[in-house]
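Asks: Got a structure for you, written out below as structure tokens; questions coming shortly.
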Amino acid sequence: MPTTQSSESVEKLKADATRALRAADSAEQLEAWRVEYLGRKGRLTSVLRALGSLEIKERKAVGAAANRLRTELESLFDERLLQAKSNTAPAGSIDITLPGRKSGSGGLHPSTQMIREITQAFNEMGFQTIEGPEIELERYNFDLLNIPADHPARDQWDTIWVDSDSRSDVLLRTHTSPMQARVMENTDPPIRVVVPGKCYRYESTDATHEWHFNQVEGLAVDEGITFADLKGTLYEFARRIFGPSRKVRFRCDYFPFVEPGVEMSVDWNGEWIEILGAGMVHPKVLKNVGYDSDKYTGFAFGMGPERISMLQNDISDIRHFFRNDLRFLTQF
Amino acid sequence: MKVPVSWMKEYVDIEISLDELADRLTMAGNEVESIDRTGWIDNVVVGRVQSVRPHPDADRLSLVTVDHGDGEADVVCGAPNVAEGQKIAYASIGAVLFDAYADEPSKTRKLKRSKIRGVVSNGMVCSVRELGIGDDHEGILVLDEGARVGTPIGELIGESILDIELTPNRPDCLGIVGVARDVAAITGNPLREPDTTYESTGPDVNSLASVGIADPDLCPRYTASVIEGVKIGPSPKWLQERLLALGERPINSIVDITNFVMFELGQPLHAFDLDKVVDRKVIVRRARAGEQLVTLDDRERKLGDEMLLIADPERGIGLAGVMGGANTEISETTTTVFLESATFHGVNNRQTARALELSSQATLRFEKGLRSGLSEVGLRRATKLILEIAGGTAASGIIDVYPGAGEEQQSIELNRDHIKKILGFEFEKSVVETTLKSLGFDFRERDFGWQVDIPYWRPDVSIPEDLVEELARIIGYDNIPTTTLSGRPPKWQPQPAMQLRRRVTDVLVGAGMRETISYSATTAAGEARVTLPDDTGVGVGLRNPVSADFAVMRRTLREAILSTVASNSRTWRGPIAVFEAGSVFLKYGEGLPEERQMVTGAFAGPRNDLHWDDSGDTSDFYDAKGALEATLDDLGITAVFEPVEDGTFAPGRTAIVRVPGANNLAVGIVGEVSDDVFSLFDAEVESVAMFELDLAVCLKVVQGADNSDGSGKFTEFVRLPASHRDLSLVVDSGVTVGQIVEIAGRNRIVTSATVFDVFEGKGVPEGKKAIAIRLVYQSPNKTLTADQVGKIEQQTLKQLANELGAELRV
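The structure is reproduced here in structure tokens:
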């Protein structure tokens, strides 16, 4: 086979190169080695250049072997270069690979992080963050919100009631919505608030249900607020939390304290995932708190920060949030 | 609500794909959760039984030759009803059929070629159960004679069922016609309402039966018809299939028709055997307390005096809108049917059903508040079907007792400007009118817009906003424009308590602590492991806690944080530095309880993560104190730490934190938790140091702070050089660093006194300790000489010796 004689064999080249590399121990020697073997006119390059003269079958085999050798030699070279440099490290050098001294590794609970992210998005749109009581009166949690007693709509909120001899209308709030009524009772329009806080439901728990959870409520009331404003505000919120390219959809839904009612979902890997419920504040709610419902309109919304956190962080069990396992918490 | 698509197609044409239909229904408010497809099974086709021969070795089996359009197959069949010439469902090898013998009805198995009693069976002739479309497994499914051999079975028996998650405001969609009406509005196709006309040739209905309503508050309308001469038997196949598709068991033609109409229109009905009704007189009244009734399920029910009863002059014959009575049940011998279609009070009906734990399809509808208008429509539809299916003659006219008449018809002014006010834009007139019409709303155009009459089936539409939603949802929310809020932003209101909590949280996170959030409820026994502050008052108990573990609202965060430390100590080898900021619930009395904001934190385990330059020490009191000090510094609170006794903490290793500048208010506590208490938590670390800060008191201190003396403001620093002197003192072990620092700092030239070492042991006499302290001397107006500094130092040493017996260590 006369054609192979013109270039040296890959095996021999490998043997020569590794031997020479072991012998080189200064940066200068290493550079010379690099030029001889890996350089543009180096020996390995010559082998590759000569491939064209080989028969196709042999060309493939030799080519593959030569390329493998190149990768191998390059990484060996990098290793030797690093060694050579450390051998000639300046006096007083320290081991810069030792871990640094960290001052603590504290962190916020993932629910708090998400609540802050959500409220901040709305704060920047002029909504102020406020808070309200977790133990509530039926009047605020239900009656003023157009959810009369014994109405089937109340089934949407299974309630934990407070035990008392003297009264039967105290409960753990089932949503943050009672703050809508409280704010409106105490303040004249314009109103723009977001209300984060704990809520409670009489519900058995599993991976996707928890009796104890957070919500973030929102309310905007003034003259001239419209459904289009609701959409615009929530679109902007979704852009901030889920990124500008996330697809968002609004569909009709029912909550007794809004009309029209809205559900907002985002596209999550091809599936629509419900993010929040919303709607235009029901005229009865406005009247219940003493507002002139001919003059004022508004919108309200509510969402679960744990659910959004689960979505964004790929958490499959909501019960992680309140078990305070550091193996969970330290990941946020 | 399950809606079989083939059934719905009786009322509206559907040209779009089911997926698109589901999507558009969802967008318009009727969320389609899933589309369940039944009867579409691969490798099952229409076959014709060519011949039936007895099996040589088994009397009950036969050998059947089936033409399946692609040849013939010999099959062993055990069904008694197989006969030559039948069109049947033939499953070839590989078909996945429902396992007729499995306990779990949804279990399937793949059909394999098999030998049955020595004869090879090349496939199977299927029963209804094997096809997953019903329960029957007595015999094979026999198809219509006209079925074409070779046709995939799905084309004959396949059904797609929309599973719709209805919202509570749409009882109309509890009838398939209601959903069809939404489909008609969405697609623009016309709705075909069910036929309710029939010929009544019998005597006047009032001569056959009578109805009286004693309690009209619970029954605004009661309509009834009487059909004489009916023949009770099984329903025709089409009717049975309709019910089976919804999982309802066919009973007899009359009962099946009442069920059919309930699913079709949403109106529950009940049929009585009129011959068994005493005096043919029906009375609608509240039950007497303790009155009893045997219901259709043969159970004796004890009734309460708020339950609505259908009765005859002698006894109850049915629980209104919940379940009929056994004494007037339709049986094979029934010839005269009294058909009831009434409107019962929703809340009352629901309470009755709940009290008796009798949740039925009827209650599901009544509780939503049906309109009286529907009862007559339902009655006429069911009467028509009874005449068609069970024969007989209808009495002329209907009984219609209607105490609630006149309150029904609603008419709403839909103002053009109002639409714009709510939605932010205007629809074209034609869009509004087409949409209203497609939903069945009658309207008249007016100057302001439209006067809209609300049909009986939409009790949820009662204000203009409801009509605006109707327009918006049919046109599609996505087609409504998007704007940003304009107008005046509201005035900012200070939220000091919230801001304080946030600030404290941030400081503690900065100090390396991890925030936790625990359940707000606990058990009385669990909470009793720690001591509660003096002023907690009565706690908040829960009437219906989700579990016994969460029976009372917490009055402290101590239990939660110690539990967190303990549970993590079993799984976490690194530092445990955790805190919680949240509400505790105190002093429950007449009004709402006090929700006090507290912060509690704890340190346990190693101080730091394993590190090459760390001593690996365990965290202790001073870690907790440090976090607390960092917090107080940040809040600008100057506090002192004084010894205190507290049942949760170890005596002698605990301090209460007081603010001298604010009436000595106690803002918190810090200490090592006593072994007695901590051992109750079953932790795998030896000790834990904990602090607690009452944010309500902190707020009082911060808000009440008197800064008129310039404290808390910037002070210009002195540019003259300072002198540093380090002293090593020996004092009695009982002397505190606080005492030394106080004395050393008395001279105003001493700007700081910092202890940098405390040592007991070798080289220090028994009962004594050595303390190293650095004093910084600086005068605001001159550079101090060594002599001047020495003089002050001598003074200080003398005071330390006199007051504390401190000696200079040499």
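So the protein sequences, as listed, match chains E and H. Residues 1143 to 1474, numbered by this note's numbering, are exactly what the first sequence covers, in order. Residues 18 to 827, numbered by this note's numbering, are exactly what the second sequence covers, in order. All C-beta atoms, glycine included, are put in the ideal place defined by N, C-alpha and C.
1) Are at least three pairs of beta-carbons, each pair with one atom in the stretch 754–768 of chain H and one in the stretch 659–672 of chain H, less than 8 Å apart?
2) What are the boundary residues of the beta strand (DSSP E) that H:R675 is part of?
3) In angstroms, rounded to a whole number, what distance separates the CA positions of E:T1318 and H:R318?
4) Using 9 Å as the threshold, is the C-beta distance between H:G86 and H:G175 below it?
5) Give a yes or no on whether the minimum CB-CB distance between H:E357 and chain E is below 9 Å.
6) Give the residues from the stretch 488–521 of chain H that approach chain E closer than 7 Å (Cβ to any Cβ), ordered along the chain.
7) Among residues of its own chain, excluding the 5 on either side of H:L431, which ones have a beta-carbon nearer than 7 Å to its beta-carbon?
8) I want to verify the contact list: residues of chain E whose CB lies under 7 Å from the CB of H:L440, in sequence order.
9) DSSP beta-bridge partners for E:V1336?
10) With a threshold of 9 Å between beta-carbons, can H:S34 be considered close to chain E, or not?
11) Below 8 Å, is the gap between the Cβ of E:Q1262 and the nearest heavy atom of the ligand PLP?
12) Any idea which residues DSSP pairs H:Q309 with across the strands?
13) Suppose you measure from the CA of H:L326 to the CA of E:K1426; what does that come to, to the nearest Å?
14) Bridge partners of E:R1391, per DSSP?
15) Are the CB atoms of H:V595 and H:F698 within a distance shorter than 9 Å?
16) Under 9 Å, do H:V63 and H:V142 count as touching if we go by C-beta distance?
17) To the nearest angstrom, how far is it from the Cα of E:L1286 to the Cα of E:V1431?
18) Quick one: which chain E residues come within Cβ less than 9 Å of H:M44?
19) Measuring only between beta-carbons, confirm whether E:A1478 sits less than 9 Å from chain H.
20) Please list, in chain order, the chain E residues whose beta carbon lies closer than 9 Å to that of H:M530.
21) Pull the bridge partners of H:R303 from the DSSP assignment, please.
22) Where DSSP assigns a beta bridge to H:C94, which residues make up the other side?
23) If we cut at 9 Å on Cβ distances, does H:F458 have a partner in chain E?
24) Please tell me whether H:T548 and H:A568 are closer than 9 Å, where the distance is taken between their beta carbons.
25) Tell whether a beta-carbon distance below 9 Å holds between H:T499 and E:G1374.
26) With burial defined as no fewer than 16 other Cβ atoms inside 10 Å of the residue's Cβ, what is the status of H:A541: buried or exposed?
27) Can you list, in chain order, the residues of its chain with a C-beta nearer than 6 Å to that of H:E331? Leave out the 5 residues immediately preceding and following it.
28) Could you list the residues in the stretch 533–545 of chain H with a C-beta less than 8 Å from some C-beta on chain E, going in chain order?
29) Using a Cβ-Cβ cutoff of less than 6 Å, which residues in the same chain neighbour H:L183 once the five nearest sequence positions on both sides are dropped?
30) Just list the beta strand (DSSP E) runs in the stretch 706–751 of chain H, keeping only unbroken ones of 3 residues or longer that don't cross its boundaries, in chain order.
31) The alpha helix (DSSP H) that contains H:K808, what's its start and end?
32) Taking E:T1347 and E:R1469 to be in contact with their CB atoms under 8 Å, please state how far apart those CB atoms are, rounded to whole angstroms.
33) Taking 9 Å as the CB-CB limit, is E:E1273 close to chain H?
34) Within 9 Å (strictly less), CB to CB, does H:S428 reach chain E?
35) So which residues on chain H does E:P1332 lean against when the C-beta distance must stay under 9 Å?
36) Could you tell me how far apart the beta carbons of E:E1359 and E:V1390 are, in whole angstroms, since I believe they sit closer than 8 Å?
Replies: The answer reads as follows:
1) Judged by Cβ distances under 8 Å, the stretch 754–768 of chain H makes no contact with the stretch 659–672 of chain H, as fewer than three pairs qualify.
2) Numbered from its first residue, the second sequence carries residue 675 of chain H at position 658. From DSSP, the beta strand (DSSP E) with H:R675 extends over F666 to V676.
3) Within the first sequence, residue 1318 of chain E is the residue found at index 176, counting from 1. Within the second sequence, residue 318 of chain H is the residue found at index 301, counting from 1. About 41 Å.
4) Locating residue 86 of chain H in the second sequence gives position 69, where the first residue counts as 1. Locating residue 175 of chain H in the second sequence gives position 158, where the first residue counts as 1. With respect to the 9 Å criterion, H:G86 and H:G175 are not classified as neighbours on the basis of their beta carbons.
5) Residue 357 of chain H sits at position 340 when you count from the first residue of the second sequence. Interface flag for H:E357 against chain E is unset, since no Cβ pair is found closer than 9 Å.
6) If you check each beta-carbon in the stretch 488–521 of chain H against every beta-carbon of chain E, the ones closer than 7 Å belong to A489, R490, Y494, D495, I497, P498, T499, T500, T501, L502, G504, R505, P506, P507, W509, Q510, Q512 and M515.
7) Taking the second sequence and counting its residues from 1, the one referred to as residue 431 of chain H is at position 414. Exclusion of the five residues before and after H:L431 leaves G466, W467, V469, P481 and L484 as the residues of its chain whose Cβ lies within less than 7 Å of its Cβ.
8) Position 423 of the second sequence, counting from 1, holds the residue named residue 440 of chain H. Those are T1368, F1369 and A1370, listed as they occur along chain E.
9) As a working mapping, residue 1336 of chain E is identified with position 194 in the first sequence. As a beta-bridge residue in DSSP terms, E:V1336 pairs with E:T1271 and E:G1360.
10) Position 17 of the second sequence, counted from the start, is the residue given in the question as residue 34 of chain H. Taking a beta-carbon distance threshold of 9 Å, H:S34 does not count as an interface residue toward chain E.
11) In the structure on display, the ligand PLP does not appear, and there are no ligands present to speak of.
12) Numbered from 1 along the second sequence, position 292 holds the residue referred to as residue 309 of chain H. The partner list for H:Q309 (beta bridge, DSSP) reads H:K319.
13) As a first step, residue 326 of chain H is located in the second sequence; it is residue number 309 there, counting from the start. As a first step, residue 1426 of chain E is located in the first sequence; it is residue number 284 there, counting from the start. When the Cα atoms are used, H:L326 and E:K1426 turn out to be separated by approximately 35 Å.
14) Along the first sequence, read from residue 1 onward, the residue named residue 1391 of chain E stands at position 249. DSSP output for E:R1391 lists E:S1407 as bridge partner(s).
15) Locating residue 698 of chain H in the second sequence gives position 681, where the first residue counts as 1. Locating residue 595 of chain H in the second sequence gives position 578, where the first residue counts as 1. Not in contact: H:F698 and H:V595 (Cβ atoms no closer than 9 Å).
16) Numbered from its first residue, the second sequence carries residue 63 of chain H at position 46. Numbered from its first residue, the second sequence carries residue 142 of chain H at position 125. Inclusion of H:V63 and H:V142 in the CB contact set at 9 Å is not warranted, their separation being larger than that value.
17) Taking the first residue of the first sequence as 1, we reach residue 1286 of chain E at position 144. Taking the first residue of the first sequence as 1, we reach residue 1431 of chain E at position 289. Their backbone Cα atoms lie some 7 Å apart in a straight line.
18) Your numbering for residue 44 of chain H matches position 27 in the second sequence. Below the 9 Å Cβ cutoff, chain E contributes R1391, F1392, R1393 and C1394 as neighbours of H:M44, in chain order.
19) Here chain E comprises residues numbered 1143 to 1474, so residue 1478 of chain E is not present and cannot be evaluated.
20) Your numbering for residue 530 of chain H matches position 513 in the second sequence. Chain E residues near H:M530: G1246, G1248 and G1249.
21) Translated into the one-based positions of the second sequence, residue 303 of chain H becomes position 286. In the DSSP output, where bridge partners are listed per residue, H:R303 has H:L325.
22) Walking along the second sequence from the start, residue 94 of chain H turns up at place 77. Beta-bridge pairing links H:C94 to H:S79.
23) On the second sequence, position 441 is the one that residue 458 of chain H refers to. Interface criterion not met: the Cβ of H:F458 is under 9 Å from no Cβ in chain E.
24) Your numbering for residue 548 of chain H matches position 531 in the second sequence. Your numbering for residue 568 of chain H matches position 551 in the second sequence. It is not a contact, given that the beta carbons lie outside the stated cut-off.
25) What you label residue 499 of chain H is simply residue 482 of the second sequence in a count that begins at 1. What you label residue 1374 of chain E is simply residue 232 of the first sequence in a count that begins at 1. Cβ distance < 9 Å, so H:T499 and E:G1374 count as in contact.
26) Translated into positions along the second sequence, residue 541 of chain H becomes position 524. Exposed, because fewer than 16 other Cβ atoms sit within 10 Å of the Cβ of H:A541.
27) Taking the second sequence and counting its residues from 1, one reaches residue 331 of chain H at position 314. Answer for H:E331: V295, listed in chain order.
28) Taken in chain order, the members of the stretch 533–545 of chain H whose beta-carbon sits within less than 8 Å of a beta-carbon on chain E are T533, I534, S535, Y536, S537 and A538.
29) In the second sequence, counting from the first residue as 1, residue 183 of chain H sits at position 166. A distance below 6 Å between beta-carbons, with the five flanking residues on each side excluded, links H:L183 to the following residues of its chain, in chain order: M18 and C190.
30) Runs of the beta strand (DSSP E) spanning 3 or more residues and lying entirely within the stretch 706–751 of chain H occur at 740–749, in chain order.
31) Translated into the one-based positions of the second sequence, residue 808 of chain H becomes position 791. Judged by DSSP secondary structure, H:K808 falls within the alpha helix (DSSP H) whose first and last residues are A803 to L821.
32) Against the first sequence, residue 1347 of chain E aligns to sequence position 205. Against the first sequence, residue 1469 of chain E aligns to sequence position 327. Rounded, the Cβ-Cβ distance is 20 Å, inconsistent with contact.
33) Along the first sequence, read from residue 1 onward, the residue named residue 1273 of chain E stands at position 131. Chain H, which has a Cβ nearer than 9 Å to the Cβ of E:E1273, makes this yes.
34) The residue labelled residue 428 of chain H in the question sits at position 411 within the second sequence. Cβ-Cβ to chain E under 9 Å: no for H:S428.
35) Translated into the one-based positions of the first sequence, residue 1332 of chain E becomes position 190. Ordered by position in chain H, the residues that pass the 9 Å Cβ test against E:P1332 are G504, R505, P506, P507 and K508.
36) Translated into the one-based positions of the first sequence, residue 1359 of chain E becomes position 217. Translated into the one-based positions of the first sequence, residue 1390 of chain E becomes position 248. Actually they do not touch by this definition, with Cβ atoms about 20 Å apart.
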